[in-house]
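The block underneath contains the structure these notes are about, expressed in structure tokens.
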Amino acid sequence: MKKSTTALLSIAMLGGFATEAFATEWNVSLWGSRRAFTEHVEKIAELVSEKTGGAFTMNISYGGLSKNTENLDGISIGAFEMAQICAGYHTDKNPAVTVLELPFLGVNTLEEEVAVSNAVYAHPSVKADFERWGAMTLMTSPMPQYNLVGTGEARDTLDKMQGMRVRATGGLGDAFKAIGAVPTSVTSSEAYNAMEAGVVDTVAFAQHAHLSFRTIDQATWWTENLNPGTVNCPVVVSIDAYNALSDDERAALDGSVDEAIAYYLENYGKLLDKWETVLAEKNVQKVKFSDTELAAFRAK
Numbered sequence: 059m060k061k062s063t064t065a066l067l068s069i070a071m072l073g074g075f076a077t078e079a080f081a082t083e084w085n086v087s088l089w090g091s092r093r094a095f096t097e098h099v100e101k102i103a104e105l106v107s108e109k110t111g112g113a114f115t116m117n118i119s120y121g122g123l124s125k126n127t128e129n130l131d132g133i134s135i136g137a138f139e140m141a142q143i144c145a146g147y148h149t150d151k152n153p154a155v156t157v158l159e160l161p162f163l164g165v166n167t168l169e170e171e172v173a174v175s176n177a178v179y180a181h182p183s184v185k186a187d188f189e190r191w192g193a194m195t196l197m198t199s200p201m202p203q204y205n206l207v208g209t210g211e212a213r214d215t216l217d218k219m220q221g222m223r224v225r226a227t228g229g230l231g232d233a234f235k236a237i238g239a240v241p242t243s244v245t246s247s248e249a250y251n252a253m254e255a256g257v258v259d260t261v262a263f264a265q266h267a268h269l270s271f272r273t274i275d276q277a278t279w280w281t282e283n284l285n286p287g288t289v290n291c292p293v294v295v296s297i298d299a300y301n302a303l304s305d306d307e308r309a310a311l312d313g314s315v316d317e318a319i320a321y322y323l324e325n326y327g328k329l330l331d332k333w334e335t336v337l338a339e340k341n342v343q344k345v346k347f348s349d350t351e352l353a354a355f356r357a358k
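Here is the structure:
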């Protein structure tokens with residue numbers, strides 16, 4: 059009996075070790091804190107764990123694995139398996155995908171942003187750019203049109219934007235430069251301090267980022283209809299790590315993308331619904347540009 063019990067315990071222990079040995083855990087590099095912008099990553103982690111009975115899990119880190127400007131580098135050296143990036147942080151690393159950051163593309167909804175991003179991600183040139191870093195796109199992080207927050211006198215004409223120091227990256231920065239503003243590419247995490255210290259006069263963000271990075275806390279005005287464009291921020295995965303997944307794990311990951319995006323869209327919609335309340339509570343003036351001013355901006 060003792061031998062049998064010992065044998066059974068040994069088998070159970072070995073089985074436990076085997077289960078542990080074959081479990082798959084991915085490290086995921088994000089930045090800032092959990093927010094609307096990261097909810098699809100949180101959701102897909104939840105879904106793949108459920109679908110694989112806990113055999114495939116994701117360890118999500120907010121800033122603990124890499125700087126947000128170096129997530130592609132981290133993927134390339136195998137420091138982690140999955141990351142969120144923003145193309146405008148390093149246009150030289152992913153030039154093809156920056157077409158999605160060109161100003162005034164006419165993308166009006168988050169659903170349209172998803173469709174356009176997916177089409178661009180499927181292009182061979184975009185795939186080749188990411189393959190140089192050992193990465194592949196998994197899903198996008200759709201954001202609405204960016205708008206400015208600022209302090210002091212509201213800048214409601216292009217003339218008032220002459221010399222304006224604005225936190226804006228990629229194509230958005232180019233658009234503001236064309237009208238005489240001075241763009242700077244401080245990261246989202248640095249935007250609040252840059253605004254507080256007077257390094258920038260204004261910050262261009264989507265609504266969730268104005269909330270998450272607290273730039274709205276310093277603002278006295280917000281441009282409600284400037285809508286120059288947005289930033290494209292795909293979630294990428296290591297090609298080697300993806301190929302190393304079992305068939306079931308890969309199916310769980312791929313099969314969870316649409317559900318994760320749907321959850322993201324629903325959650326972001328709730329944030330947009332409460333934006334007007336936030337502006338009122340913080341006594342932030344809404345600045346509306348005339349059609350003439352908007353046409354002049356686009357013409358630049």
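Counting in our numbering, the sequence shown runs from 59 upward without gaps.
Glycine included, every Cβ here is placed at the ideal spot set by N, Cα and C.
Validate contact between the region 330 to 342 and the region 266 to 285 using beta carbons, cut 8 Å, 3 pairs
yes
If we ignore side chains and look at the alpha-carbon of each, how far apart do Leu-128 and Met-201 end up?
Along the sequence shown, read from residue 1 onward, the residue named residue 128 stands at position 70. Along the sequence shown, read from residue 1 onward, the residue named residue 201 stands at position 143. Reading off the sequence shown, one finds Glu at residue 128, where the question assumed Leu. C-alpha separation (whole angstroms): 21 Å.
Using three-state DSSP, classify Leu-105 as helix, strand or coil.
Here the question's residue 105 lines up with position 47 in the sequence shown. If DSSP states are grouped into helix, strand and coil, Leu-105 belongs with the helices.
Restricting to runs no shorter than 3 residues, where is the beta strand (DSSP E) found entirely within the region 89 to 137?
114 to 120
Whole-angstrom Cβ separation of Val-207 and Thr-260, contact assumed at under 8 Å?
Indexing the sequence shown from 1 puts residue 207 at position 149. Indexing the sequence shown from 1 puts residue 260 at position 202. With 8 Å as the limit, Val-207 and Thr-260 qualify as a contact, their Cβ atoms being about 7 Å apart.
Any idea what DSSP makes of Met-222, helix, strand or coil?
Numbered from 1 along the sequence shown, position 164 holds the residue referred to as residue 222. Here Met-222 sits in coil by DSSP.
Between the region 138 to 150 and the region 273 to 292, are three or more C-beta pairs nearer than 8 Å?
yes
What three-state label does DSSP hand Asn-85 in the structure shown?
The sequence position of residue 85 within the sequence shown is 27, counting from 1. If DSSP states are grouped into helix, strand and coil, Asn-85 belongs with the strands.
3 or more residues per run - each beta strand (DSSP E) lying fully within the region 261 to 288:
279 to 281
Residue ranges of each beta strand (DSSP E) run of no fewer than 3 residues wholly in the region 304 to 353, ordered along the chain?
343 to 345
In terms of residues, what are the limits of the beta strand (DSSP E) holding Val-240?
Here residue 240 refers to the residue found at position 182 of the sequence shown. Looking at the DSSP string, the run of the beta strand (DSSP E) that includes Val-240 is 240 to 242.
Express the C-alpha separation of Phe-162 and Ala-255 in angstroms, rounding to a whole number.
Translated into positions along the sequence shown, residue 255 becomes position 197. Translated into positions along the sequence shown, residue 162 becomes position 104. Computed Cα separation, rounded: 30 Å.
Rounded straight-line distance, which links the Cα of Gly-228 to that of Leu-160
As a working note, residue 160 is residue 102 in the sequence shown. As a working note, residue 228 is residue 170 in the sequence shown. Each residue's alpha carbon lies about 8 Å from the other.
Assign Leu-168 to one of three DSSP states: helix, strand, or coil.
In the sequence shown, counting from the first residue as 1, residue 168 sits at position 110. Three-state DSSP puts Leu-168 in a helix.
Rounded straight-line distance, which links the Cα of Asp-312 to that of Phe-75
The count along the sequence shown starts at 1 and reaches residue 75 at position 17. The count along the sequence shown starts at 1 and reaches residue 312 at position 254. At Phe-75, the pLDDT of 43 sits below 50, so the modelled position is not reliable; the number obtained from the coordinates is stated separately. Those two C-alpha atoms are separated by around 28 Å.
Compare the beta carbon distance of Val-224 and Ala-264 with 8 Å and say whether it is the shorter of the two.
For the purposes of this step, residue 224 is taken as the residue at position 166 of the sequence shown. For the purposes of this step, residue 264 is taken as the residue at position 206 of the sequence shown. Contact: no.
Considering only residues of the same chain and omitting the five flanking positions on each side of Arg-356, which have a CB-CB separation below 6 Å?
Taking the sequence shown and counting its residues from 1, one reaches residue 356 at position 298. If we look at Arg-356 and ignore the five residues flanking it on each side, its Cβ neighbours are Phe-162.
Within the same chain, show all residues whose beta-carbon is closer than 6 Å to that of Asp-298, passing over the 5 residues directly before and after it, in chain order.
Stepping through the sequence shown from its first residue, residue 298 is reached at position 240. Counting only Cβ-Cβ distances below 6 Å, and skipping sequence neighbours, we find nothing.
In three-state terms, what does DSSP make of Gly-229?
Against the sequence shown, residue 229 aligns to sequence position 171. In this structure, Gly-229 counts as helix in the three-state DSSP scheme.
In angstroms, rounded to a whole number, what distance separates the CA positions of Thr-195 and Gly-121?
In the sequence shown, residue 195 corresponds to position 137, counting from 1. In the sequence shown, residue 121 corresponds to position 63, counting from 1. Going from the Cα of Thr-195 to the Cα of Gly-121 covers about 20 Å.
Using beta-carbon positions only, say whether Lys-221 and Val-240 come within less than 8 Å of one another.
Counting from 1 along the sequence shown, the entry for residue 221 is found at position 163. Counting from 1 along the sequence shown, the entry for residue 240 is found at position 182. Before going on, a small fix: residue 221 reads as Gly here, not Lys. Their beta carbons are under 8 Å apart, which means Gly-221 touches Val-240 by this criterion.
CB contact flag (Ala-193, Leu-130, <8 Å):
As a first step, residue 193 is located in the sequence shown; it is residue number 135 there, counting from the start. As a first step, residue 130 is located in the sequence shown; it is residue number 72 there, counting from the start. Contact flag set, yes.
Measure the C-alpha to C-alpha separation of Pro-286 and Met-197 and round it to an integer number of angstroms.
Counting from one through the sequence shown, the residue named residue 286 turns up at place 228. Counting from one through the sequence shown, the residue named residue 197 turns up at place 139. When rounded, the distance between both Cα atoms is 23 Å.
If you compare alpha carbons, which of Gln-203, Trp-279, Ala-226 and Asp-187 is closest to Arg-213?
Here the question's residue 213 lines up with position 155 in the sequence shown. The shortest Cα separation from Arg-213 among Gln-203, Trp-279, Ala-226 and Asp-187 belongs to Trp-279.
My assumption, with CB atoms under 8 Å, is that Leu-337 sits in contact with Lys-344. Please give the rounded CB distance.
Taking the sequence shown and counting its residues from 1, the one referred to as residue 337 is at position 279. Taking the sequence shown and counting its residues from 1, the one referred to as residue 344 is at position 286. Indeed, because the Cβ distance is near 6 Å, the residues count as touching under 8 Å.
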